[in-house]
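Residue numbers (our numbering), protein chains in the order written: chain X, 319 to 490; chain W, 45 to 364. Heads up, the beta-carbon is just placed ideally off N, CA and C, and yes, glycines get one too.
Below, the structure is given as structure tokens:
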């Protein structure tokens, strides 16, 4: 949480991401959003970053390490990577980086589509608490949040993003 | 009331034995789960690691190359290990009972049994036995038992219908042919009524209909032209050649004349009607080639969807 106890503005965090990625991300790098929050951010980044970025979406449900504990989640989506993954420069995009398990699953899934030249990671929020040796290449904002809380990204009908804190249900 | 043996105490699917009495929410969950599995076949690596390390035994006490193969492909796309047992040629011929076979395979750490048996109820018996032995982590999927049920075929038929027609609640579906001996027909009828399809018709000669078939909630037609009128979906059943030997039917030619699907009969259905068949088909007996290979036929997509539906069933029961 920020010192005043409020969550930062998601749109401001997105602006910070764009600033850090501009000039650093390859002009033809594919942006791959992890459903669902990461997909919204990837769409926004594709519109704002210079260059031509192929857009893909990934649902990591089949690659998660907690299937044996909690089964398949309802509403699994199709992973869609409409570009050749082999040799591609890819930026994985997620809303909240926490344990690192979703990113591990996403990297495994990407390799089942081909051998990328490079994978970077861009996240809107890094809340610490890693359980795997994974770090973001580009971060919008860093936050400290209690373990029994989740940070949830929402998108309103106009497309504006916002963050809120909820009691933890799912490990992110 | 006794609990539905295919559900856990929490109402989750742990075995798939029949579509009869299966709640609509579970059917919908299976169909929804199958949808993203369809695209896995398009990947460079046609696999996801969901059932990695699980051992699935195909226990086929009756031959069926297609069903066994599609279960095998489904399990392999989920990264499970698949063991095919040709039971006819092994232990049972030496006198081992069904449940002894199951116990032996459990001792080899089986996680899933896919069972095809000529006796109705064999998969139920195995599921009940596993429960009695405290093996709730082992799951059973019925791949066809006697005349009783073939639930994954019923589910893939439902998936195909939903794929092409979107909404179940405005459809007229006709099932044509040997309903009497068909577990495919029985499973599909239960599935369609569960999903609130308002008009389910069966079209067949009286000798190929079960008595009191109307009690399943279907309309009966003995005249095919009358029955096809206004249909959105036509499901042709395979005419098993052995039926010809009994007194049920005069000849294949005679059957085709009255109950074979031809272009002119298909013209009586709605212009966007789809034609389905569970396979294997007898061309020139229940369906003519121009229809089977025509623009309205979705017989091959059924096979493709069948793999995704079986992946969904295997991954759902394994987690419960």
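Query                                                                                                                         : Result
For residue 426 of chain X, the first and last residue of its enclosing alpha helix (DSSP H)                                  : 419-429
Host beta strand (DSSP E) of residue 457 of chain X (start-end)                                                               : 456-460
Enclosing beta strand (DSSP E) for residue 216 of chain W [first to last residue]                                             : 216-220
Contact belief for residue 235 of chain W with residue 202 of chain W at Cβ below 8 Å, rounded distance in angstroms          : 5 Å
Boundaries (first-last residue) of the beta strand (DSSP E) holding residue 468 of chain X                                    : 467-473
Outcome for residue 275 of chain W when other beta-carbon atoms lying within 10 angstroms are tallied against a minimum of 16 : buried
Close Cβ partners of residue 361 of chain X (< 8 Å) along its chain, the five nearest in sequence each way excluded           : 351 and 373
Proximity of residue 330 of chain W and residue 303 of chain W at Cβ, strictly below 9 Å                                      : yes
Pair within 9 Å by beta-carbon distance, residue 381 of chain X and residue 93 of chain W                                     : yes
Given 8 Å, three or more beta-carbon pairs between the region 152-160 of chain W and the region 98-109 of chain W             : yes
Closer than 9 Å to chain W by CB, residue 494 of chain X                                                                      : This structure does not reach residue 494 of chain X, given that chain X is present from 319 up to 490, and the question cannot be answered.
Those residues which DSSP pairs with residue 348 of chain X across a bridge                                                   : X/408
With 16 other Cβ atoms within 10 Å as the buried cut-off, status of residue 98 of chain W                                     : buried
Three-way DSSP call (helix, strand, coil) for residue 339 of chain X in this model                                            : helix
Exposed unless 16 or more other CB atoms sit within 10 angstroms - verdict on residue 340 of chain X                          : exposed
CA-to-CA distance, residue 278 of chain W to residue 301 of chain W, given in whole angstroms                                 : 17 Å
One or two residues paired with residue 185 of chain W in a DSSP bridge                                                       : W/60 and W/158
Per-residue DSSP class, three states only, for residue 489 of chain X                                                         : Below a pLDDT of 50, predicted positions are generally treated as unreliable, and residue 489 of chain X, at 46, falls in that range; no measurement from the model is reported.
Alpha carbon of residue 355 of chain W to alpha carbon of residue 122 of chain W, nearest angstrom                            : 7 Å
Whether residue 479 of chain X touches residue 439 of chain X by CB criterion (9 Å)                                           : no
Whole-Å CB distance - residue 227 of chain W paired with residue 192 of chain W, under 8 Å assumed                            : 6 Å
Residue from X/348, X/458, X/432 and X/464 whose Cα sits closest to the Cα of residue 369 of chain X                          : X/348
Any C-beta of chain A under 9 Å from that of residue 91 of chain W                                                            : In the structure shown, chain A cannot be found, because the protein chains are X and W.
Contact belief for residue 407 of chain X with residue 344 of chain X at Cβ below 8 Å, rounded distance in angstroms          : 5 Å
Proximity winner among W/251, W/218, W/232 and W/266, relative to residue 245 of chain W (alpha-carbon distances)             : W/218
Residues within the region 427-438 of chain X neighbouring chain W, beta-carbon criterion of under 7 Å                        : 430, 431 and 432
Whether residue 145 of chain W touches residue 127 of chain W by CB criterion (9 Å)                                           : no
Under 9 Å (Cβ pairs) to chain X, residues found in the region 66-78 of chain W                                                : 73, 76 and 77
Any chain W beta carbon closer than 9 Å to residue 398 of chain X                                                             : yes
Residue 437 of chain X versus residue 328 of chain X - alpha carbon distance                                                  : 24 Å
CA-to-CA distance, residue 325 of chain W to residue 253 of chain W, given in whole angstroms                                 : 20 Å
Proximity below 9 Å, CB of residue 352 of chain W to CB of residue 78 of chain W                                              : yes
Continuous beta strand (DSSP E) assignments of at least 3 residues falling wholly in the region 71-111 of chain W             : 99-104
Straight-line gap, residue 444 of chain X to residue 458 of chain X (C-alpha atoms, nearest Å)                                : 8 Å
Cβ pair residue 57 of chain W, residue 357 of chain W closer than 9 Å                                                         : yes
Three-way DSSP call (helix, strand, coil) for residue 308 of chain W in this model                                            : helix
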